[in-house]
Amino acid sequence: MDHGQGESPADHAVVAAAGGRGSRILGGATGARPVAIALFSTIVFFGAIVVVVVTSPGWPAVREAFFNGGIFKQSFPEIARAFLLNIRIFLIAEAVILPFALFIAVLRSLPGPVFFPMRALAIGYTDLFRGVPTILVIFILGFGAPALQLSGVPISPLFWGIVALVLVYAAYVAEVYRAGIESVHPSQEAAARSLGLTRFQSLRFVVVPQAVRRVVPPLLNDFIGLQKDSALVALIGPIEAFRQAQIDEAATFNFTPYLATALLFLLITIPLARFTDWLIARDRRRQLAGRGT
Amino acid sequence: MLASRAMRRLVLLLAAVVLAVSAAGCGGSKKSSSGTTTGTTAQACTKSNLHLVHSGQLTIGTGNPAYPPWFAGGTKSSYWKVDDPNNGQGYESAVAYEVAKQLGFSKPEVKWVAVGFNPSIAPGPKNYDFNIQQVSFNPQRAKAVGFSRSYFQENQSVVGLQGTPITSAKTFADLQKYKLGAEVGTTSYDYIVNNIKPSQKPQVYDTLNDAITALKNHQIDGLVTDFPGAYYIADVQLSNGVIVGRLPTIGAEEHFGMTLEKGNQLVDCLNRALATLKQDGTLQQLEQKWITGKAKAPLITQS
Chain A
13 MDHGQGESPA DHAVVAAAGG RGSRILGGAT GARPVAIALF STIVFFGAIV VVVVTSPGWP
73 AVREAFFNGG IFKQSFPEIA RAFLLNIRIF LIAEAVILPF ALFIAVLRSL PGPVFFPMRA
133 LAIGYTDLFR GVPTILVIFI LGFGAPALQL SGVPISPLFW GIVALVLVYA AYVAEVYRAG
193 IESVHPSQEA AARSLGLTRF QSLRFVVVPQ AVRRVVPPLL NDFIGLQKDS ALVALIGPIE
253 AFRQAQIDEA ATFNFTPYLA TALLFLLITI PLARFTDWLI ARDRRRQLAG RGT
Chain B
2 MLASRAMRRL VLLLAAVVLA VSAAGCGGSK KSSSGTTTGT TAQACTKSNL HLVHSGQLTI
62 GTGNPAYPPW FAGGTKSSYW KVDDPNNGQG YESAVAYEVA KQLGFSKPEV KWVAVGFNPS
122 IAPGPKNYDF NIQQVSFNPQ RAKAVGFSRS YFQENQSVVG LQGTPITSAK TFADLQKYKL
182 GAEVGTTSYD YIVNNIKPSQ KPQVYDTLND AITALKNHQI DGLVTDFPGA YYIADVQLSN
242 GVIVGRLPTI GAEEHFGMTL EKGNQLVDCL NRALATLKQD GTLQQLEQKW ITGKAKAPLI
302 TQS
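Protein chains in written order, with our numbering: chain A, 13 to 305; chain B, 2 to 304.
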């Protein structure tokens with residue numbers, strides 16, 4: 013156990029990162045008593061919130077507007093079908109983002125004065141697309157690029173929506189990769205070069221594999237962000253889950269369809285978030301064990 | 002004992018949270034009662050007896066930009082970029098001022114505010130006395146906001162680009178193979194899905210302008226929108242636009258009503274005013290003055 017038994021559970025209740033023996037989410041203690049205390053305080057805490065909400069004067073109206081079972085059942089299947097489009101958007105985008113962003117990050121990590129233009133290009137790119145709100149990029153590309161009316165340039169809003177998400181998220185992900193690459197100690201590259209590997213080979217076989225392994229959790233984090241932002245593509249035409257919910261809401265003046273949409277997003281993002289936590293915990297265990305296990 | 006001290010701290014924390022939550026809950030949910038019941042007598046509809054957002058002033062909401070034929074005259078201001086409703090020109094502006102006159106307001110006592118389309122049909126308190134922006138009546142909307150009686154009978158229509166295949170469409174079957182678009186939350190969208198039933202999923206946009214841009218870009222083949230507004234879109238907003246046709250009324254007649262906060266009894270006075278304006282022919286006169294071309298556009302048939 014890496015922290016004292018004498019500390020109160022409350023001090024640790026917020027420490028959510030799992031790891032070590034026992035359960036950190038319960039405050040790191042073991043045995044029946046802390047479990048009972050945690051259970052009791054949880055029931056009191058959430059019970060109090062539920063009671064306050066349910067007894068509030070506006071509750072019947074809120075229940076009708078946000079938790080309407082009939083409307084939920086009626087709108088859910090169609091929203092779920094529309095959600096398939098979100099899944100398609102973020103899967104295609106992520107598949108392009110991962111290699112593209114790595115390419116940008118490698119460009120930015122190239123040493124020496126010869127590669128200055130490459131570095132400048134990579135820096136300019138990340139500055140631009142990290143700095144502009146995603147919604148603007150989607151609007152500008154979704155309505156602007158097709159307006160050029162160049163033959164061979166696609167006009168599909170879905171295409172341009174995905175391109176916009178790729179451009180924005182690749183800028184974030186490139187920075188994540190770069191952090192990973194810079195975290196690999198220079199001696200690694202020096203050792204690789206001394207073994208006769210070229211600069212590219214040492215990057216390819218020594219630096220990048222270590223860098224990528226270290227940044228998997230933040231990469232997943234950005235992937236979750238991408239999943240949520242797939243809803244922004246609706247602004248240029250396609251009907252995805254959020255837009256379908258908006259259509260249902262406009263027809264019924266009931267916000268339950270939004271709740272259904274939120275639930276669909278949670279179904280995807282929560283498991284991924286837990287998986288990310290697990291990866292972080294595993295990584296920490298390995299580091300504490302001196303790597304290699 | 003350590004554990005019990007921890008428990009005490011926890012309980013204190015929980016109590017604080019509960020207090021904070023309940024305080025927040027009480028603060029927000031008070032709603033002022035909507036005044037004494039006013040009848041529909043002429044007396045109740047005089048200026049001094051009305052419950053207004055700003056007393057002595059009739060505050061009217063509409064969309065910004067305000068477009069012909071609903072608003073006209075080309076008077077621009079830094080706020081109203083296309084047509085300033087304050088000039089009394091265009092069908093809706095003219096109707097609104099006639100109604101104001103019936104209620105005893107002079108022209109300077111009328112103030113216009115900009116309202117988004119979807120907020121104007123959503124439940125909740127409003128910052129205007131009534132809203133006039135081509136809102137079609139439907140029973141679901143009427144559950145959320147108050148509706149005046151009709152001030153305009155309307156049809157949907159399809160706008161396309163000159164020289165594109167959709168312009169030769171004569172029936173629903175012809176239209177079904179094209180990609181259609183509409184503004185979100187409108188009866189135009191409902192019309193596509195419920196009546197035309199195209200084979201490709203329709204595209205939906207936040208604003209009519211976005212939908213027009215998509216049409217310009219050939220991202221959609223046809224834009225479904227209110228018929229009178231279609232002229233302005235086809236002739237002014239698109240230089241190469243064309244009205245493919247008016248769409249037939251299916252089911253209940255579609256009409257525009259003024260909307261206001263649910264339960265606002267001003268609606269009775271609006272209805273009285275509109276009834277008078279209909280009876281004395283003012284509405285018809287204004288329609289002839291501001292809305293033209295109904296005869297020019299072909300009617301698309303169901304089969």
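Cβ atoms here follow ideal geometry from the backbone N, Cα and C, with glycine treated the same way.
| said: My assumption, with CB atoms under 8 Å, is that V180(A) sits in contact with F141(A). Please give the rounded CB distance. | reply: What you label residue 180(A) is simply residue 168 of the first sequence in a count that begins at 1. What you label residue 141(A) is simply residue 129 of the first sequence in a count that begins at 1. 5 Å between Cβ atoms; contact.
Buried or exposed for A186(A), going by 16 or more other Cβ atoms inside 10 Å?
For the purposes of this step, residue 186(A) is taken as residue 174 along the first sequence, with counting starting at 1. By the neighbour-count rule (16 or more Cβ atoms within 10 Å), A186(A) is buried.
Under the three-state reduction of DSSP, which class applies to N132(B): helix, strand or coil? In the second sequence, the residue the question calls residue 132(B) occupies position 131. It is a strand residue.
**Prompt:** Are there 16 or more other CB atoms within 10 angstroms of the CB of D169(A), so buried, or fewer, so exposed?
**Reply:** As a first step, residue 169(A) is located in the first sequence; it is residue number 157 there, counting from the start. Contrary to the premise, residue 169(A) reads as Pro rather than Asp in this sequence. That one is buried.
Query raised in the report: Listed from N- to C-terminal order along the chain, which residues in the region 212-246 of chain B have their beta-carbon within a distance smaller than 8 Å of any beta-carbon of chain A?
Result: T214, A215, K217, N218, H219, Q220 and I221
Whole-angstrom C-beta distance between G208(A) and Y206(B), which should lie under 8 Å: Position 205 of the second sequence, counted from the start, is the residue given in the question as residue 206(B). Position 196 of the first sequence, counted from the start, is the residue given in the question as residue 208(A). Rounded, the Cβ-Cβ distance is 60 Å, inconsistent with contact.
Item to complete: Run down chain B in chain order and give the residues with a C-beta less than 8 Å from the C-beta of A183(A).
Response: For this step, residue 183(A) is matched to residue 171 along the first sequence. Those within 8 Å of A183(A) in chain B number zero; the least Cβ separation is about 25 Å.
When you compare the CB of P140(B) with every CB in chain A, is at least one pair closer than 8 Å? As a working mapping, residue 140(B) is identified with position 139 in the second sequence. Output row for P140(B): interface = no.
Pairwise C-alpha distance: R131(A) and K198(B) = Within the second sequence, the letter at position 197 stands for residue 198(B). Within the first sequence, the letter at position 119 stands for residue 131(A). Roughly 52 Å separates the two Cα atoms.
Q) Would you say E153(A) reaches chain B, if we count a Cβ-Cβ gap shorter than 8 Å as a contact? A) Residue 153(A) sits at position 141 when you count from the first residue of the first sequence. Looking at the sequence itself, residue 153(A) is Leu, so the reference to Glu does not match. No, L153(A) lies away from the interface with chain B (no Cβ there is under 8 Å from its Cβ).
Report task. Please check if any C-beta of chain A sits within less than 8 Å of the C-beta of T38(B). Result -> Along the second sequence, one-based indexing puts residue 38(B) at 37. The predicted position of T38(B) is uncertain, since its pLDDT is 40 and thus under 50; no value can be drawn from it.
Taking the alpha-carbon positions, what's the N87(B) to K112(B) distance?
-> Indexing the second sequence from 1 puts residue 87(B) at position 86. Indexing the second sequence from 1 puts residue 112(B) at position 111. The alpha-carbon atoms of N87(B) and K112(B) are separated by roughly 8 Å.
Rounded to whole angstroms, how far is the Cβ of W291(B) from the Cβ of G91(B), which I believe are closer than 8 Å?
The residue given as residue 291(B) occupies position 290 in the second sequence. The residue given as residue 91(B) occupies position 90 in the second sequence. Contact holds; Cβ gap of about 6 Å.
* Asked: Taking the alpha-carbon positions, what's the I135(A) to P126(B) distance?
  -> Within the first sequence, residue 135(A) is the residue found at index 123, counting from 1. Within the second sequence, residue 126(B) is the residue found at index 125, counting from 1. For I135(A) and P126(B), the distance between alpha carbons rounds to 49 Å.
Residue closest to L300(B), alpha-carbon to alpha-carbon, out of F131(B), L248(B) and Q204(B): Indexing the second sequence from 1 puts residue 300(B) at position 299. Taking only the C-alpha atoms, the option nearest L300(B) is L248(B).
- Exposed or buried, what is P123(A) when buried is set at 16 or more other beta-carbons lying within 10 Å of its beta-carbon? By 1-based counting over the first sequence, the position of residue 123(A) is 111. By the 10 Å Cβ count, P123(A) comes out exposed.
Can you say whether L271(A) is buried or exposed, counting buried as having 16 or more other CB atoms within 10 angstroms of its CB? The residue labelled residue 271(A) in the question sits at position 259 within the first sequence. The residue in question, L271(A), is buried, as its Cβ has 16 or more Cβ neighbours within 10 Å.
- Task: Determine, using beta carbons only, whether A257(A) comes closer than 8 Å to chain B.
- Result: Locating residue 257(A) in the first sequence gives position 245, counting from the first residue. Not an interface residue.
Straight-line Cα distance separating L271(B) from L284(B): In the second sequence, residue 284(B) corresponds to position 283, counting from 1. In the second sequence, residue 271(B) corresponds to position 270, counting from 1. In a straight line, the C-alpha of L284(B) is about 14 Å away from that of L271(B).
Would you check whether the ligand HEM has a heavy atom nearer than 7 Å to the C-beta of P145(A)? The model depicted lacks the ligand HEM and carries no ligand whatsoever.
What is the rounded straight-line gap between the Cα of V151(A) and the Cα of I292(A)?
As a working mapping, residue 151(A) is identified with position 139 in the first sequence. As a working mapping, residue 292(A) is identified with position 280 in the first sequence. Residue 151(A) is actually Phe in this sequence, not Val. Each residue's Cα considered, the two are about 36 Å apart.
Applying the criterion that 16 or more other CB atoms from any shown protein chain within 10 Å of the CB defines a buried residue, is G246(B) buried or exposed? Taking the first residue of the second sequence as 1, we reach residue 246(B) at position 245. That one is buried.
task: Please list the partners that A262(A) has in chain B, where partner means a Cβ-to-Cβ separation under 7 Å.
output: For the purposes of this step, residue 262(A) is taken as residue 250 along the first sequence, with counting starting at 1. Those are N119, V185 and G186, listed as they occur along chain B.
Exercise for the section: Taking T260(B) and G147(B) to be in contact with their CB atoms under 8 Å, please state how far apart those CB atoms are, rounded to whole angstroms. Expected result: For this step, residue 260(B) is matched to residue 259 along the second sequence. For this step, residue 147(B) is matched to residue 146 along the second sequence. Contact flag correct, Cβ pair sits at about 7 Å.
**Asked** Under 8 Å between C-beta atoms, does K202(B) make it to chain A?
**Response** Start at 1 with the first residue of the second sequence, and residue 202(B) comes out as number 201. With 8 Å as the cut-off, K202(B) counts as an interface residue toward chain A.
Q.
Starting from E255(B), trace the alpha helix (DSSP H) in both directions and tell me its first and last residue.
A. In the second sequence, residue 255(B) corresponds to position 254, counting from 1. Run containing E255(B): none in the alpha helix (DSSP H); it sits in the beta strand (DSSP E), E255 to E262.
### Buried/exposed call for Q204(B), threshold 16 Cβ in 10 Å
Numbered from its first residue, the second sequence carries residue 204(B) at position 203. Classification of Q204(B): buried, given that the 10 Å Cβ count is 16 or more.
**Asked** Mind checking whether T165(B) and D222(B) have CB atoms under 8 Å apart?
**Response** Mapped onto the second sequence, residue 165(B) falls at position 164. Mapped onto the second sequence, residue 222(B) falls at position 221. Yes, the pair counts as a contact, with Cβ atoms nearer than the cut-off.
Which runs of the beta strand (DSSP E) at least 3 residues long sit entirely within the region 105-155 of chain B? Give them in chain order. 111-115 and 146-155
Discussion item. Determine, for L247(A), whether the minimum Cβ-Cβ distance to residues of chain B falls below 8 Å.
Written reply: As a working note, residue 247(A) is residue 235 in the first sequence. Cβ-Cβ to chain B under 8 Å: yes for L247(A).
Using DSSP with H/G/I as helix, E/B as strand and the rest coil, what is Q220(B)? For the purposes of this step, residue 220(B) is identified with residue 219 of the second sequence, where counting begins at 1. Residue state, collapsed to three classes: coil.
_Can you give me the C-alpha to C-alpha distance between P229(B) and Q163(B), rounded to a whole angstrom?_
Counting from one through the second sequence, the residue named residue 229(B) turns up at place 228. Counting from one through the second sequence, the residue named residue 163(B) turns up at place 162. Distance between the alpha carbons of P229(B) and Q163(B) is about 19 Å.
Inset, instruction - Classify G62(B) as buried or exposed, calling it buried when 16 or more other Cβ atoms lie within 10 Å of its own Cβ. - result: Sequence index remark: in the second sequence, residue 62(B) carries index 61 (1-based). Per the 10 Å Cβ criterion, buried.
What does E184(B) pair with, by DSSP beta-bridge criteria?
Indexing the second sequence from 1 puts residue 184(B) at position 183. Y206(B).
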